[in-house]
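First comes the structure, then the notes that go with it.
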Amino acid sequence: MKHDEQAKKDFIQFWRNEDNMNAAKLKVISEFERDYSPQKSIWWYSRECFIYEMLNWSLRMLEAGTIVTIGFFICDLHRQIQCLQKQQISLYDGKVFQVFRGQGLSTADFEKLQKNKGGLIAFNNFLSTSKTQDVSLGFARGALGKPEVVGILFEMTIDPGISSASFASIREESYFKDEDEILFSMHSIFRIGDIRKLDNNSPLYQVDLILTSDDDQQLRQLTESIQEDDADKIDWSRLGKLLLSINKLDKAKELYLLQLKQSPDDNTRAAIYHNLGVVKDLQGRYKEAAAFYEEALEIKRKTLPEDHSSLAPTFSNIGLVYKKMSDYLKAVEYYEKAHKIYKKALTSNHPDLAMSYNNIGLVYDDMNNFSKALEHYEKSHTILLITLPPNHPKLATSYNNI
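Quick note on our numbering: the sequence shown kicks off at 135 and runs consecutively.
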């Protein structure tokens with residue numbers, strides 16, 4: 135998917151088709167269409183118009199389709215922050231400094247925050263902060279009076295030497311030139327410090343945060359898929375895998391179907407059909423899963439020999455869904471096709487070969503053909519004994535199967 139003029143046009147058309155459009159909003163969209171460039175991404179974000187709303191909502195809710203639509207802007211904004219950070223690094227002279235953020239938190243989220251004192255808090259959206267405490271206090275006070283909401287003032291301690299976080303002063307680039315704002319890109323992670331009442335007479339709470347280089351794998355997968363070094367592409371497959379890993383199956387399906395419409399080459403289409411098969415498998419819709427896997431196979435077979443290594447995972451997944459449908463003969467047929475490729479492509483003690491033996495053993499086990507099951511379990515176990523430490527849980531499972 136290219137971040138070119140077409141991506142911008144698709145985004146503009148998406149907004150013009152929204153139901154709640156009015157003359158004022160359409161005027162802003164026309165202005166965006168006429169004037170936008172990557173060098174003005176911070177200006178447009180700080181304007182807090184439709185882009186600001188759409189971007190933060192989609193990242194907060196992990197709305198895959200919307201993230202894809204606005205992906206070109208996410209890349210532009212992240213890269214402009216990175217560029218400014220490099221220009222400004224000498225201004226900090228290596229000295230730690232503080233910024234502030236005021237907002238409301240639901241009482242439930244505030245209780246979770248209190249219980250996680252000393253742990254990590256991660257922000258998966260772009261994060262606006264101020265070097266002026268009074269500005270942030272105004273936002274915190276704005277949350278008061280709302281039911282089930284606690285007003286919070288975050289005081290964040292920032293070490294400019296931490297390279298894992300992208301942040302920059304946007305005073306010169308902002309729509310609002312009078313605000314002394316530090317904007318953080320996605321994937322900013324902080325250690326939670328002290329949590330206390332702002333003062334005895336205030337309903338507001340202060341939460342101390344320290345910028346950390348600690349990692350959060352799910353956020354890392356999401357932001358790495360968007361912050362690719364190659365300015366012409368986003369690795370949406372990583373985002374799809376993230377959505378699968380957190381059980382957002384419908385959102386993953388939405389992403390893959392959208393990607394399918396935009397992917398003309400056969401290799402990408404085959405991978406998408408395979409991933410749609412994974413979604414249907416996880417949803418328990420095994421016939422549909424098998425159909426998607428078969429579609430992936432059909433595309434791959436146009437250009438690849440029958441024993442090509444990239445066919446093995448799809449053969450194996452088809453075997454799995456047939457096993458789940460209790461069609462054991464079909465399951466063995468496809469597992470054997472995968473196994474034949476693994477034996478040719480892999481070393482004799484490769485973990486994937488052990489998995490392949492085990493898969494076939496499980497089917498024979500279900501068929502009550504215990505001698506065949508044992509034969510394959512033992513071959514799998516022999517490989518695992520060589521490749522895994524003696525206390526590995528996979529060995530326990532293998533012993534149990536035998």
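In this text, a Cβ means the ideal position worked out from N, Cα and C, and glycines have one as well. If you're wondering where the values come from, they're calculated on a predicted model, not measured in any experiment.
Quiz prompt | Three-state secondary structure (DSSP) of Asp-314 | solution = DSSP places Asp-314 in coil when its eight states are reduced to three.
Self-check item: Rounded separation between Ile-494 and Leu-193 - CA only
Solution: A direct Cα-to-Cα measurement between Ile-494 and Leu-193 gives close to 41 Å.
Practice problem: Express the C-alpha separation of Ile-286 and Gln-352 in angstroms, rounding to a whole number. | Solution: Unreliable placement is indicated for Gln-352, whose pLDDT of 47 sits below 50; the coordinate value is still reported in the next sentence. Whole-angstrom Cα-Cα distance: 26 Å.
Practice problem: Look at the alpha carbon of Ile-406 and the alpha carbon of Arg-330, and state the distance between them as a whole number of angstroms. | Solution: Their backbone Cα atoms lie some 49 Å apart in a straight line.
Quiz item: Of the residues Leu-454, Phe-234, Arg-325 and Leu-160, which one's Cα is nearest the Cα of Leu-345?
Solution: Of Leu-454, Phe-234, Arg-325 and Leu-160, the smallest CA-CA separation from Leu-345 is found for Arg-325.
Quiz item: Three-state secondary structure (DSSP) at Phe-166?
Solution: Shown here, Phe-166 sits in a helix according to DSSP, grouped into three states.
Quiz prompt | Rounded C-alpha distance that separates Asn-525 from Leu-518 | solution = Rounded to whole angstroms, the separation of the alpha carbons of Leu-518 and Asn-525 is 11 Å.
Exercise. Below 8 Å on the Cβ atoms is my guess for Met-501 versus Tyr-469; work out the distance and round it to an integer in Å.
Key: Under the criterion of beta carbons closer than 8 Å, Met-501 and Tyr-469 do not qualify as touching, at roughly 12 Å.
Quiz prompt | Proximity of Ser-319 and Ile-223 at Cβ, strictly below 8 Å | solution = No, the Cβ-Cβ distance between Ser-319 and Ile-223 is not below 8 Å.
Exercise. Report yes if the C-beta distance between Phe-301 and Ile-316 is below 8 Å; otherwise report no.
Key: In this structure, Ile-316 lies closer than 8 Å to Phe-301 by Cβ.
Exercise. Have a look at Leu-454, His-484 and Ala-446 and flag the residue whose alpha-carbon is nearest the alpha-carbon of Lys-471.
Key: Nearest option by C-alpha distance: Ala-446.
Self-check item: Sequence-distant residues of its chain with Cβ nearer than 6 Å to Trp-178 (five each side left out)
Solution: Hits under 6 Å: Ile-185.
Quiz item: Which of helix, strand or coil does DSSP assign to Ile-494?
Solution: In this structure, DSSP gives Ile-494 a helical state, which the three-state scheme calls helix.
Practice problem: Would you mind reading off the limits of the alpha helix (DSSP H) that contains Gly-199? | Solution: Looking at the DSSP string, the run of the alpha helix (DSSP H) that includes Gly-199 is 198-203.
Self-check item: Ser-300 - DSSP class collapsed to helix/strand/coil
Solution: Coil.
Self-check item: Chain-order list of residues whose beta-carbon lies under 7 Å from that of Tyr-420 (same chain, five-residue window excluded)
Solution: Only Val-455, Lys-458 and Met-459 meet the Cβ criterion.
Quiz item: How is Ala-256 classed by DSSP in three states: helix, strand or coil?
Solution: DSSP places Ala-256 in strand when its eight states are reduced to three.
Quiz item: So what does DSSP say about Gln-147, is it helix, strand or coil?
Solution: Reduced to three states, the DSSP call for Gln-147 is helix.
Quiz prompt | Helix, strand or coil at Asp-400 according to DSSP, with G and I counted as helix | solution = Note: Asp-400 maps to helix in three-state DSSP.
Quiz item: What residue range is occupied by the uninterrupted beta strand (DSSP E) comprising Ile-176?
Solution: Taken as a continuous stretch (DSSP letters only), Ile-176 belongs to no beta strand (DSSP E), being part of the alpha helix (DSSP H) at 175-180.
Practice problem: Output the residue ranges of the alpha helix (DSSP H) runs that lie fully inside the segment 422-467 and measure 4 residues or longer, sorted by chain position. | Solution: Runs found: 446-458.
Practice problem: Please determine, among Ile-536, Ser-443 and Phe-148, the residue with the shortest C-alpha to C-alpha distance to Asp-203. | Solution: Reading off the sequence shown, one finds Thr at residue 203, where the question assumed Asp. Ranking the options by Cα distance to Thr-203, first place goes to Phe-148.
Practice problem: For the beta strand (DSSP E) containing Gly-236, list its first residue and its last residue. | Solution: Counted as a single uninterrupted DSSP element, the beta strand (DSSP E) harbouring Gly-236 occupies residues 231-240.
Quiz prompt | Coil, strand or helix - Arg-419 by DSSP | solution = Here Arg-419 carries a coil assignment [DSSP, helix/strand/coil].
Quiz item: Closest to Tyr-511 by CA distance: which of Thr-521, Leu-496, Asp-243 and Asp-486 is it?
Solution: When only C-alpha atoms are compared, the closest one is Leu-496.
Exercise. Under 8 Å by Cβ, that's how I've got Val-233 and Ile-304 pegged, so tell me the actual separation to the nearest angstrom.
Key: Rounded to whole angstroms, the Cβ separation of Val-233 and Ile-304 is 12 Å, and the two are not in contact under 8 Å.
Exercise. Within its chain, find whatever has a CB closer than 8 Å to the CB of Phe-273; leave out the 5 residues flanking it on each side and keep chain order.
Key: Cβ neighbours of Phe-273 beyond the five flanking positions: Arg-235, Gly-236 and Gln-237.
Quiz item: Is the CB-CB distance between Ser-336 and Glu-282 below 8 Å?
Solution: For Ser-336 and Glu-282, no; Cβs fall outside 8 Å.
Quiz prompt | For Ile-433 and Thr-357, the rounded distance between their alpha carbons | solution = Any reading at Thr-357 is ruled out, since the residue's pLDDT is 49, under 50, leaving its predicted position unreliable.
Practice problem: Return the residue from the list Asn-156, Glu-167 and Tyr-498 that minimises the CA-CA distance to Ala-507. | Solution: The residue with the shortest Cα to Cα distance from Ala-507 is Tyr-498.
Quiz item: Can you tell me where the alpha helix (DSSP H) with Ser-192 in it begins and where it stops?
Solution: Taken as a continuous stretch (DSSP letters only), the alpha helix (DSSP H) holding Ser-192 covers 184-195.
Practice problem: Using beta-carbon positions only, say whether Ser-264 and Glu-306 come within less than 8 Å of one another. | Solution: Result no, Cβ atoms of Ser-264 and Glu-306 do not sit closer than 8 Å.
Quiz item: If Tyr-390 and Leu-410 are in contact, beta carbons under 8 Å, what's the gap, nearest whole angstrom?
Solution: For Tyr-390 against Leu-410, the beta-carbon gap comes to about 5 Å, under 8 Å, which counts as contact.
Quiz item: Can the beta-carbon of Ser-514 be found less than 8 Å from the beta-carbon of Ala-488?
Solution: Yes.
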